[in-house]
Amino acid sequence: MHNSDRADTSLLPSMLIDWQFGESGGLTFTNLVSPGVCLRPFTLARNKAAIDYYLLILSDMLALAIVGSRVLIGSRAYDYSLIPMSSIVSTSSGILPPTRIGMFDSGVYDPFSQLEPEFSDSDETELLSVSWNQDYSCFAAGTSRGFRIYNCDPFKETFRRDLKSGGFGIVEMLFRSNILALVGGKSNSQYPPNKVIIWDDHQCRCIGEFSFRSEVRAVKLRRDRIVVVLEHKIYVYNFTDLKLLHQIETLANPRGLCCLSHSLNTSVLACPGLRRGQVRIEHFGLNMTKLINAHDSQIACLNLTMDGLLLATASTKGTLIRIFNTMDGTRLQEVRRGLDRADIYSICLSPNVQWLAVSSDKGTVHLFSLRVRVVGEDSSISSSASQSLALFYQNSSSSLDSLIPPSTSDNPGSALSFMKGILPKYFSSEWSFAQFRLPEYTEFSAAFGSQNTVIIAGMDGSFYRCSFDPVNGGEMLQQEYVRFLKTDNRPK
C-alpha cells in the first residue's frame with residue numbers, strides 16, 4: 284500500500300486502535316470524526332503484525348470498520364442498511380462486495396480516483412440528463428464532465444463529481460443517501476452506455492456493476508430494488524446482494540419508461556406492456572400482474588403515486604392524461620392537456636394525491652385537480668395488500684364535494700359540457716386548473732415542492748419554483764428562478 288493511502292491514526296477512536304471488541308462483534312465508538320468523512324485503507328502495526336483497517340464515519344452516532352475479514356458496526360441509532368454487513372469484505376483496496384455478486388469486477392477502475400479541478404460552466408459543460416430523487420427534495424444532473432447534485436429547498440448545489448474519462452447520461456439518486464446509479468454518456472471512455480455503476484459516495488468507490496449487450500435506457504431505485512431498463516427488457520435486482528429477481532419483456536421502449544412505488548408497505552412497478560398503449564403493473568408483494576389498456580397510441584409517459592395505488596399515463600398524442608387504479612385497472616379520471624398533439628415530458632402526482640402536474644414541448648406546465656383519493660383506515664378494498672387503504676372515485680361532478688377538500692376546486696370544463704354525449708368528446712373534458720408558461724421545445728420536468736408549489740428543472744440548465752392558488756387556480760406565480768448550469772443545449 285502506498286504511503287499516500289495511509290490515514291492519520293490519531294483520527295481513530297482509541298477503542299478501535301486497541302482492537303477490543305466483544306463476542307457480539309460490536310463496538311461503541313466515541314470521539315468520531317466528522318460525519319461523512321471517508322478514510323482510505325491504511326495499516327497499523329500491532330504486536331509486530333500488520334493489521335488492515337477501514338473506517339467509515341456515517342453519522343454522529345454510527346461508524347463502520349473493517350478489521351481483517353471482520354465487519355464491525357458501532358451504532359446508537361440506524362434506520363436501515365443499504366448494504367448488509369454480510370455482503371461486504373475488506374481488501375487492500377477498501378470495501379468490495381463479494382465476488383459472487385453479479386457482474387462486479389473487483390478490479391474495476393475507480394472513475395473518481397483522479398478527480399479534475401472543478402470546471403466552470405463556461406467550459407462548455409453539456410447537460411445530458413436531469414432526474415428527481417424519490418421524494419423530489421433533490422435532483423441529479425448528468426453532465427459531459429460527470430454529475431452534480433442539487434437540493435431543491437433551499438436551492439443549492441450540494442456537490443459535484445468531475446472526471447477526465449467523460450460524463451454520465453443517467454444519474455439516479457436513492458432518496459438523499461450516498462448511493463447513486465450511474466450510466467456513462469456516449470463520450471465516456473471508461474463507462475459505456477451499456478453499463479450500470481452502483482456508486483457509494485461515502486466509500487468513494489463503485490460497489491456494484493452490471494453490463495448488458497444493449498444500451499441502458501433508464502435505471503430506477505428503491506431501498507430494496509435496482510431496476511435496469513433496456514429497450515425491450517427490464518431487469519429487477521435485489522439491492523442487498525444484486526441477485527436477479529425478475530425479467531420483464533416490453534414493447535420497444537426507447538424512452539426507458541418505468542416507474543416504482545416508494546412506500547415501505549407496497550412494491551409496485553409500472554412499465555409498457557407488449558401491446559401498443561398497454562401498461563403492465565407488477566405488484567411484487569402480491570405476486571400479481573395487471574395489464575391496463577390505457578391508450579390507443581403508444582405510451583409516452585407514466586408515473587405512480589408513492590404507494591403505487593394510482594397510475595397516471597399519457598400517449599404519444601399527448602392530449603389526454605388518464606389516471607387508473609393499479610389494483611383492478613379501473614380508469615378513475617381523464618383530463619385534457621390540449622387539442623393539438625404534444626410530446627409529454629413528465630407527469631407527477633403530488634404526495635398528498637390532490638394534484639397532477641404535466642409538462643410538454645408546448646412550453647406550459649399544466650396542473651390538474653385530482654378527484655381520486657387514497658383515504659383512511661376505516662375503509663378497505665378487496666386486496667390483502669391494502670387492508671387499511673381505499674380508493675374512492677366518482678364520475679359524477681355533482682358529488683365531488685365529499686371527495687375534494689374545501690381548499691381545492693374542480694378542473695374547469697367547457698360551457699357546453701352539459702351536452703356531453705351529443706357534442707364531440709373534448710367539449711366534456713376536464714381542463715387544467717392552473718398553468719405556468721415556459722420556453723417551448725425545451726425539455727422540462729415538473730414535480731411538487733412544499734405546499735402549493737411546483738418545482739421545474741429544465742434541460743437548458745434552469746430551475747423554477749412557482750406557486751398556485753389551490754382555490755382559484757389560474758396562472759401560477761414564479762417564486763424563484765436559478766440558472767444552475769449555463770448550457771447551449773438545443774431541443775432534440
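Per the working numbering, residue 284 is the first one in the sequence shown, and the count goes up by one each step. All residues carry an ideal CB built from backbone N, CA and C; glycine is no exception.
Legend entry - Cβ-based burial, residue 445 [other Cβ within 10 Å; buried from 16]: For the purposes of this step, residue 445 is identified with residue 162 of the sequence shown, where counting begins at 1. Residue 445 comes out buried.
Inset, instruction - Figure out for me which residue from 428, 506 and 553 has the closest Cα to the Cα of residue 246. - result: The chain is shown from 284 up to 775; residue 246 falls before or after that span and cannot be answered.
Legend entry - CA-to-CA distance, residue 492 to residue 385, given in whole angstroms: The residue given as residue 385 occupies position 102 in the sequence shown. The residue given as residue 492 occupies position 209 in the sequence shown. With a pLDDT of 30 at residue 385, under the threshold of 50, the modelled position of that residue is not reliable, and the figure given next carries that caveat. The straight-line gap from Cα to Cα measures roughly 8 Å.
Inset, instruction - Check whether the Cβ atoms of residue 591 and residue 551 sit closer than 8 Å, and answer yes or no. - result: As a first step, residue 591 must be located in the sequence shown, where it is residue number 308. As a first step, residue 551 must be located in the sequence shown, where it is residue number 268. In this structure, residue 551 lies closer than 8 Å to residue 591 by Cβ.
Inset, instruction - Let me know the secondary structure DSSP gives residue 589 once reduced to three states. - result: On the sequence shown, residue 589 is found 306 positions in, with the first residue counted as 1. Correct three-state label for residue 589: coil.
Legend entry - Simplified DSSP assignment, three categories, for residue 734: Locating residue 734 in the sequence shown gives position 451, counting from the first residue. Coil, per DSSP.
Legend entry - Length of the line joining the Cα atoms of residue 626 and residue 450: Walking along the sequence shown from the start, residue 626 turns up at place 343. Walking along the sequence shown from the start, residue 450 turns up at place 167. Each residue's CA atom was taken as its position, placing residue 626 and residue 450 some 26 Å apart.
Inset, instruction - Inspect the beta-carbon positions of residue 464 and residue 432 and report whether they are closer than 8 Å. - result: Indexing the sequence shown from 1 puts residue 464 at position 181. Indexing the sequence shown from 1 puts residue 432 at position 149. No, Cβ-Cβ distance for residue 464 and residue 432 is not below 8 Å.
Legend entry - Nearest to residue 447 (by Cα), restricted to the options 618, 542, 430 and 453: As a working note, residue 447 is residue 164 in the sequence shown. Of 618, 542, 430 and 453, the residue nearest in Cα terms is 430.
Inset, instruction - Work out the CA separation of residue 730 and residue 759 for me, nearest whole Å. - result: Walking along the sequence shown from the start, residue 759 turns up at place 476. Walking along the sequence shown from the start, residue 730 turns up at place 447. When rounded, the distance between both Cα atoms is 14 Å.
Legend entry - For residue 577, the three-state DSSP class (helix, strand or coil): Working through the sequence shown from its first residue, we reach residue 577 at position 294. Residue 577: coil per DSSP, three-state reduction.
Inset, instruction - Just grab the DSSP bridge partners of residue 629 for me. - result: As a position in the sequence shown, residue 629 is number 346, starting the count at 1. Partner(s): 642.
Inset, instruction - With a cut-off of 8 Å on the beta carbons, I'd call residue 599 and residue 620 a contact; round off their distance for me. - result: Position 316 of the sequence shown, counting from 1, holds the residue named residue 599. Position 337 of the sequence shown, counting from 1, holds the residue named residue 620. Actually they are not in contact, since the Cβ atoms of residue 599 and residue 620 sit about 13 Å apart, beyond 8 Å.
Inset, instruction - Please state whether DSSP places residue 408 in a helix, a strand or coil. - result: Position 125 of the sequence shown, counted from the first residue, corresponds to residue 408. Looking at residue 408 - three-state DSSP - the assignment turns out to be coil, as it is neither helix nor strand.
Inset, instruction - Answer with buried or exposed for residue 640, where buried requires no fewer than 16 other C-beta atoms within 10 angstroms of its C-beta. - result: Working through the sequence shown from its first residue, we reach residue 640 at position 357. When all chains shown are included, residue 640 counts as buried.
Inset, instruction - Would you check if the distance between the CB atom of residue 522 and the CB atom of residue 506 is smaller than 8 Å? - result: For the purposes of this step, residue 522 is taken as the residue at position 239 of the sequence shown. For the purposes of this step, residue 506 is taken as the residue at position 223 of the sequence shown. The beta carbons of residue 522 and residue 506 sit closer together than 8 Å.
Legend entry - Where residue 572 falls: helix, strand or coil (DSSP): As a working note, residue 572 is residue 289 in the sequence shown. If DSSP states are grouped into helix, strand and coil, residue 572 belongs with the strands.
Legend entry - Proximity test, residue 725 beta-carbon vs the ligand ATP heavy atom, cut-off 7 Å: You won't find the ligand ATP in this model; it holds no ligand whatsoever.
Legend entry - Proximity of residue 438 and residue 746 at Cβ, strictly below 8 Å: Working through the sequence shown from its first residue, we reach residue 438 at position 155. Working through the sequence shown from its first residue, we reach residue 746 at position 463. Yes, these two residues count as a Cβ contact at 8 Å.
Inset, instruction - Could you spell out the range, first to last residue, of the beta strand (DSSP E) harbouring residue 565? - result: Numbered from its first residue, the sequence shown carries residue 565 at position 282. Per DSSP, residue 565 belongs to the beta strand (DSSP E) from 561 to 566.
Inset, instruction - Find out if the Cβ-Cβ distance for the pair residue 561, residue 577 is shorter than 8 Å. - result: If you number the sequence shown from 1, residue 561 lands on position 278. If you number the sequence shown from 1, residue 577 lands on position 294. Against a cut-off of 8 Å, the Cβ pair of residue 577 and residue 561 comes out as a contact.
Inset, instruction - Could you spell out the range, first to last residue, of the beta strand (DSSP E) harbouring residue 788? - result: Lying before the first or after the last residue shown, residue 788 is absent from the chain, which here runs from 284 to 775.
Inset, instruction - Please name the residue, chosen from 525, 530, 524 and 526, that lies closest to residue 512 on a Cα-to-Cα basis. - result: Against the sequence shown, residue 512 aligns to sequence position 229. Selected option, being the one with the closest Cα: 530.
Legend entry - Completely contained beta strand (DSSP E) runs for the region 427 to 493, where each covers 3 or more residues: As for any beta strand (DSSP E) of minimum length 3 sitting wholly inside the region 427 to 493, the runs are 429 to 435, 438 to 445, 451 to 456, 462 to 467 and 478 to 483, ordered along the chain.
Inset, instruction - Give every residue of the same chain whose Cβ lies closer than 6 Å to the Cβ of residue 543, excluding the five residues on either side of it in the sequence, and list them in chain order. - result: As a working note, residue 543 is residue 260 in the sequence shown. For residue 543, where only same-chain residues beyond five positions count, the Cβ hits under 6 Å are 503, 505 and 552.
Legend entry - Nearest-angstrom Cα separation, counted from residue 455 out to residue 421: What you label residue 421 is simply residue 138 of the sequence shown in a count that begins at 1. What you label residue 455 is simply residue 172 of the sequence shown in a count that begins at 1. So the alpha carbons of these two residues sit roughly 11 Å apart.
Inset, instruction - May I ask you to list the residues that DSSP assigns as paired with residue 649? - result: Locating residue 649 in the sequence shown gives position 366, counting from the first residue. BP columns for residue 649 point to 641 and 718.
Inset, instruction - Quick one: grab the DSSP three-state call for residue 724. - result: For the purposes of this step, residue 724 is identified with residue 441 of the sequence shown, where counting begins at 1. DSSP places residue 724 in coil when its eight states are reduced to three.
Inset, instruction - Spell out the partners DSSP gives residue 503 in its beta bridges. - result: By one-based count along the sequence shown, residue 503 stands at place 220. Residue 503 is bridged to 510.
Legend entry - Environment of residue 764 [buried if 16+ CB atoms lie within 10 Å]: Working through the sequence shown from its first residue, we reach residue 764 at position 481. By the neighbour-count rule (16 or more Cβ atoms within 10 Å), residue 764 is not buried but exposed.
Legend entry - Reduced DSSP category for residue 621 - H, G, I as helix; E, B as strand; rest coil: Position 338 of the sequence shown, counted from the start, is the residue given in the question as residue 621. Residue 621 falls in the coil class under three-state DSSP.
Legend entry - Segment limits, beta strand (DSSP E) that includes residue 516: Translated into positions along the sequence shown, residue 516 becomes position 233. Unbroken beta strand (DSSP E) run through residue 516: 516 to 521.
Legend entry - Per-residue burial, residue 535 [other beta carbons within 10 Å of its own, 16 or more giving buried]: As a position in the sequence shown, residue 535 is number 252, starting the count at 1. Exposed, by the Cβ-count rule.
Legend entry - residue 719 vs residue 440 beta-carbon contact at 8 Å: Residue numbering aside, residue 719 sits at position 436 when the sequence shown is read from its first letter. Residue numbering aside, residue 440 sits at position 157 when the sequence shown is read from its first letter. No, these two residues do not count as a Cβ contact at 8 Å.
Inset, instruction - With a 10 Å radius around its C-beta and 16 neighbouring C-beta atoms as the bar for buried, classify residue 500 as buried or exposed. - result: Position 217 of the sequence shown, counted from the start, is the residue given in the question as residue 500. Classification of residue 500: buried, given that the 10 Å Cβ count is 16 or more.
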